[in-house]
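Chemist: End of the sequence shown = 296 in this note's numbering, gap-free, step of one.
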Amino acid sequence: MKWPLRSRAVPNADIPLYNRFYLHASRASHADATIVWGTEIDADALQAFLRERNRQSRVVITPAHALIRATALALVQFPALNVRVVGRKIYPFRDVSVRIAFFHRRNKEIDLLLVQNADQKNLQQIAQNVWDRLLQAARGEGGRDRDLARLRRLPGFWFRQLMRFHGFLDRHFRLPILSRLDATRAGGALVNDLSFPGAPPMRSYKASRFPDESDTFNLTLGPVEQKVVAKGDGFASVGIMPLFVRADHRLIDAYQVGRLLDLVRDLLNHPERLEESLANVATPGQAKPD
Numbered sequence: 007m008k009w010p011l012r013s014r015a016v017p018n019a020d021i022p023l024y025n026r027f028y029l030h031a032s033r034a035s036h037a038d039a040t041i042v043w044g045t046e047i048d049a050d051a052l053q054a055f056l057r058e059r060n061r062q063s064r065v066v067i068t069p070a071h072a073l074i075r076a077t078a079l080a081l082v083q084f085p086a087l088n089v090r091v092v093g094r095k096i097y098p099f100r101d102v103s104v105r106i107a108f109f110h111r112r113n114k115e116i117d118l119l120l121v122q123n124a125d126q127k128n129l130q131q132i133a134q135n136v137w138d139r140l141l142q143a144a145r146g147e148g149g150r151d152r153d154l155a156r157l158r159r160l161p162g163f164w165f166r167q168l169m170r171f172h173g174f175l176d177r178h179f180r181l182p183i184l185s186r187l188d189a190t191r192a193g194g195a196l197v198n199d200l201s202f203p204g205a206p207p208m209r210s211y212k213a214s215r216f217p218d219e220s221d222t223f224n225l226t227l228g229p230v231e232q233k234v235v236a237k238g239d240g241f242a243s244v245g246i247m248p249l250f251v252r253a254d255h256r257l258i259d260a261y262q263v264g265r266l267l268d269l270v271r272d273l274l275n276h277p278e279r280l281e282e283s284l285a286n287v288a289t290p291g292q293a294k295p296d
C-alpha cells in the first residue's frame, strides 16, 4: 500500500486568493475552473532530433516520450501543478510521475499507464517503460488487464454503485493506492500524443476531466502540419505540431499557465535540452545555473 500524496496539505497562506475563490466555490455557482491554452512547436527540430537519437537508442523514442520528459521537467519547475485536489484542500504528490493515455489494441479502447519518477529518467528509460507496458497489454499478460476484465463483467447497477462509492471516498479523503486499477492516481499530470497517422489537423482541443479530480493538468500534442512562414527575405514551409495545455484555476492562474507552456514548448523546440540534468533546465527567460 502506497501513499501518493504527502500528509500535509498546502497551507491556505500559500494559495493565491483568486485560486481560493475557485477552490471554495459552491456547486450552485457553476464555476468553470478550466484554463485552456494552445500554441505550436517546431516539429522539424523534434523529428530531426528523434531520428538522430534513434540511431543510437536500444528502443524507439517517439514524440510521446519527449512530451512525457518535457512535462516532468516542467512539473519540477512548477510544483504548484504537481498536486491533487481532495475536498477543499490541495495535497502535493510525493514524486513527479506522469500518466499517458494509449490505445489498447487488444481491447480496442483507451487505457492509461504511469511513468513513475519521470523527472529522474532519461528519454530511453521512459521509452522502455512505455513500450514494456504496451507489449504487455498487447499480449494480455498484465495484472491490470485481468483486473479490467473483471470490472467489465460487473452488471451496470453494481458498476455504478462501486464507482459512486469509490468516487465519494476519492474526492473527500487522501486515499492510498490499493490496487493495480487505481495505481495511475499516483500521477500528477496526464499527457496525450494525438499525432498518430491519419489524425486530422487540430485547431482546438479541450481534454475532459475525470470525475475523481485526478486530471488537474493535461498536455496534448497534435499531428504534424505544414505551415508557410517568413524566413529571411522569403518564405518557407515548415512542420509544426499544435500543443494544448488544460489546467485547473484552483491551482494555477493564466500567467503561470503561459510560463509553464512556454517552458514545455521551449524544451520540445530544443529537444537536446530534454537530456540535460534538472539543474540545467530553467524556465525561458531565466539564466541557466553555472
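By construction, the Cβ of each residue, glycine as well, lies at the ideal position given by its N, Cα and C atoms.
Model, not experiment: these values are computed from the prediction.
#1: Hey, could you find the ends of the alpha helix (DSSP H) residue 232 is sitting in?
#2: If you check the beta carbons only, do residue 113 and residue 98 fall under 8 Å apart?
#3: According to DSSP, is residue 58 helix, strand or coil?
#4: Kindly indicate which residue of 32, 199, 243 and 105 has the alpha-carbon position closest to the one of residue 229.
#5: Would residue 70 be called buried (16 or more neighbouring beta carbons within 10 Å of its own) or exposed?
#6: For a test of the three-state rule: what should DSSP assign to residue 136, helix, strand or coil?
#7: With distances taken between CB atoms, is the gap from residue 105 to residue 11 smaller than 8 Å?
#8: Using only the alpha-carbon positions, how far apart do residue 295 and residue 144 sit?
#9: Is the Cβ of residue 232 closer than 8 Å to any Cβ of chain C?
#10: Below 8 Å on the Cβ atoms is my contact criterion, and I expect residue 251 with residue 267 to pass it. Report the Cβ-Cβ distance as a whole number of Å.
#11: Buried or exposed for residue 248, going by 16 or more other Cβ atoms inside 10 Å?
#12: As a quick exercise: from 73, 234, 256 and 216, pick the residue whose alpha carbon is nearest that of residue 132.
#13: Taking just the CA atoms, how far does residue 49 sit from residue 293?
#14: Please list the terminal residues of the continuous beta strand (DSSP E) segment that includes residue 223.
#15: By how many angstroms is the C-alpha of residue 78 removed from the C-alpha of residue 169?
#16: Over what stretch of residues does the alpha helix (DSSP H) that includes residue 76 continue unbroken?
#17: Give the single residue among 16, 206, 237 and 203 whose Cα lies nearest to the Cα of residue 85.
#18: Looking at residue 189: is its Cβ nearer than 8 Å to the Cβ of residue 81?
#19: Near residue 212, what residues of its chain come up, given a Cβ to Cβ distance below 7 Å and the 5 sequence neighbours on each side ignored?
#20: Just the C-alpha distance for residue 173 and residue 152, rounded to the nearest angstrom, thanks.
#21: Among 24, 240, 155 and 76, which one has its Cα closest to the Cα of residue 282?
#22: Classify residue 205: buried if its beta carbon has 16 or more other beta carbons within 10 angstroms, exposed otherwise.
#23: Per DSSP, what kind of secondary structure is residue 172 in: helix, strand or coil?
#24: Tell me which same chain residues have a C-beta within less than 6 Å of the C-beta of residue 93, skipping the five on either side of it?
#25: Roughly how many angstroms separate the alpha carbons of residue 128 and residue 280, rounded to a whole number?
#26: Is the CB-CB distance between residue 223 and residue 194 below 8 Å?
#27: With DSSP collapsed to three states, give me the class of residue 65.
#28: In three-state terms, what does DSSP make of residue 178?
Modeler: Short version:
#1: On the sequence shown, residue 232 is found 226 positions in, with the first residue counted as 1. Premise fails: residue 232 lies in the beta strand (DSSP E), 231-237, not in any alpha helix (DSSP H).
#2: By 1-based counting over the sequence shown, the position of residue 113 is 107. By 1-based counting over the sequence shown, the position of residue 98 is 92. No, the Cβ-Cβ distance between residue 113 and residue 98 is not below 8 Å.
#3: Position 52 of the sequence shown holds residue 58. Residue state, collapsed to three classes: helix.
#4: Taking the first residue of the sequence shown as 1, we reach residue 229 at position 223. The residue with the shortest Cα to Cα distance from residue 229 is 199.
#5: Residue numbering aside, residue 70 sits at position 64 when the sequence shown is read from its first letter. Answer is buried; the Cβ neighbour count reaches 16.
#6: As a working mapping, residue 136 is identified with position 130 in the sequence shown. Of the three classes helix, strand and coil, the one that applies to residue 136 here is helix, per DSSP.
#7: Taking the sequence shown and counting its residues from 1, one reaches residue 105 at position 99. Taking the sequence shown and counting its residues from 1, one reaches residue 11 at position 5. No; because the gap between Cβ atoms is not below 8 Å, this pair is not in contact.
#8: Numbered from its first residue, the sequence shown carries residue 295 at position 289. Numbered from its first residue, the sequence shown carries residue 144 at position 138. For residue 295, the pLDDT reaches just 47, beneath the cut-off of 50, and the residue's location in the model is therefore unreliable, although a value from the coordinates is still provided. Taking the straight line from one Cα to the other gives about 44 Å.
#9: Checking the listed chains, one finds no chain C in this structure; it contains a single protein chain.
#10: The count along the sequence shown starts at 1 and reaches residue 251 at position 245. The count along the sequence shown starts at 1 and reaches residue 267 at position 261. So it is a contact: roughly 5 Å between Cβ atoms.
#11: In the sequence shown, residue 248 corresponds to position 242, counting from 1. Residue 248 should be labelled buried.
#12: Here residue 132 corresponds to residue number 126 of the sequence shown, with the count starting at 1. Ranking the options by Cα distance to residue 132, first place goes to 73.
#13: In the sequence shown, the residue the question calls residue 293 occupies position 287. In the sequence shown, the residue the question calls residue 49 occupies position 43. Note that residue 293 scores a pLDDT of 49, beneath 50, so its modelled location is shaky and nothing firm can be said.
#14: Looking up residue 223 in the sequence shown gives position 217. 223-227 is the span of the beta strand (DSSP E), which, as asked, contains residue 223.
#15: In the sequence shown, residue 169 corresponds to position 163, counting from 1. In the sequence shown, residue 78 corresponds to position 72, counting from 1. Answer to the nearest angstrom: the Cα atoms are 30 Å apart.
#16: Position 70 of the sequence shown, counting from 1, holds the residue named residue 76. Element bounds for residue 76: 69-83.
#17: Counting from 1 along the sequence shown, the entry for residue 85 is found at position 79. Nearest option by C-alpha distance: 16.
#18: As a position in the sequence shown, residue 189 is number 183, starting the count at 1. As a position in the sequence shown, residue 81 is number 75, starting the count at 1. The answer is no: Cβ separation not under 8 Å.
#19: The residue you call residue 212 lines up with position 206 of the sequence shown. Cβ neighbours of residue 212 beyond the five flanking positions: 42 and 252.
#20: On the sequence shown, position 167 is the one that residue 173 refers to. On the sequence shown, position 146 is the one that residue 152 refers to. In a straight line, the C-alpha of residue 173 is about 22 Å away from that of residue 152.
#21: Mapped onto the sequence shown, residue 282 falls at position 276. The option with the nearest alpha carbon to residue 282 is 76.
#22: In the sequence shown, the residue the question calls residue 205 occupies position 199. Exposed.
#23: As a first step, residue 172 is located in the sequence shown; it is residue number 166 there, counting from the start. Three-state result, residue 172: helix.
#24: On the sequence shown, position 87 is the one that residue 93 refers to. Answer for residue 93: 178, listed in chain order.
#25: To locate residue 128, count along the sequence shown from 1; it is residue 122. To locate residue 280, count along the sequence shown from 1; it is residue 274. In a straight line, the C-alpha of residue 128 is about 8 Å away from that of residue 280.
#26: Along the sequence shown, one-based indexing puts residue 223 at 217. Along the sequence shown, one-based indexing puts residue 194 at 188. Yes. Within cutoff.
#27: Taking the sequence shown and counting its residues from 1, one reaches residue 65 at position 59. It is coil, neither helix nor strand.
#28: The count along the sequence shown starts at 1 and reaches residue 178 at position 172. Here residue 178 sits in helix by DSSP.
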